[in-house]
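Following my numbering, the numbering of the sequence shown begins with 1 at its first residue and continues without gaps.
Built from N, CA and C at the ideal position, the CB exists for glycine as well.
Worksheet: the structure to be examined is printed underneath.
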Amino acid sequence: DLINERVKNIKGERNRIEETFPEICLPSNTNFLLMDVDARDKLLEDGIAVRGFHGELEKYIRVTVGRKKENKEFINSLKDFLNDHKR
């Protein structure tokens, strides 16, 4: 059914993002990911909505796992950021 198909897609996309960024992505069983990267401004600039935090988590972002096309845009934008800001 539609819900099971959507859940399957979210899990697959979540795994794809986690595997693309294993060094900054915290493991998740939900439809969002917490990532140890201070890229909020760059992602917002690129039209990608992410949540930033304050305090101890201020260098983290939270991103919702979306559809394949949306995730591809997110991945490309974050890769650009990481290439420009080598750790």
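Determine, using beta carbons only, whether Leu34 and Arg14 come nearer to each other than 8 Å.
no
Return the chain-ordered list of same chain residues with a C-beta closer than 7 Å to the C-beta of Phe81, the five sequence neighbours on each side being excluded.
Ala39, Lys42
So, for Glu64: in the same chain, excluding its five sequence neighbours on each side, which residues have a beta-carbon less than 7 Å away from its beta-carbon?
Checking the displayed sequence, the identity of residue 64 turns out to be Thr instead of Glu. So the list reads Asn31, Phe32, once near-sequence residues are dropped.
Return the chain-ordered ranges of every alpha helix (DSSP H) run that is complete within the stretch 23-55 and spans a minimum of 4 residues.
40-45
For Arg67, the three-state DSSP class (helix, strand or coil):
coil
Would you kindly work out how many angstroms separate the C-alpha atoms of Asn9 and Val50, rounded to a whole number?
20 Å
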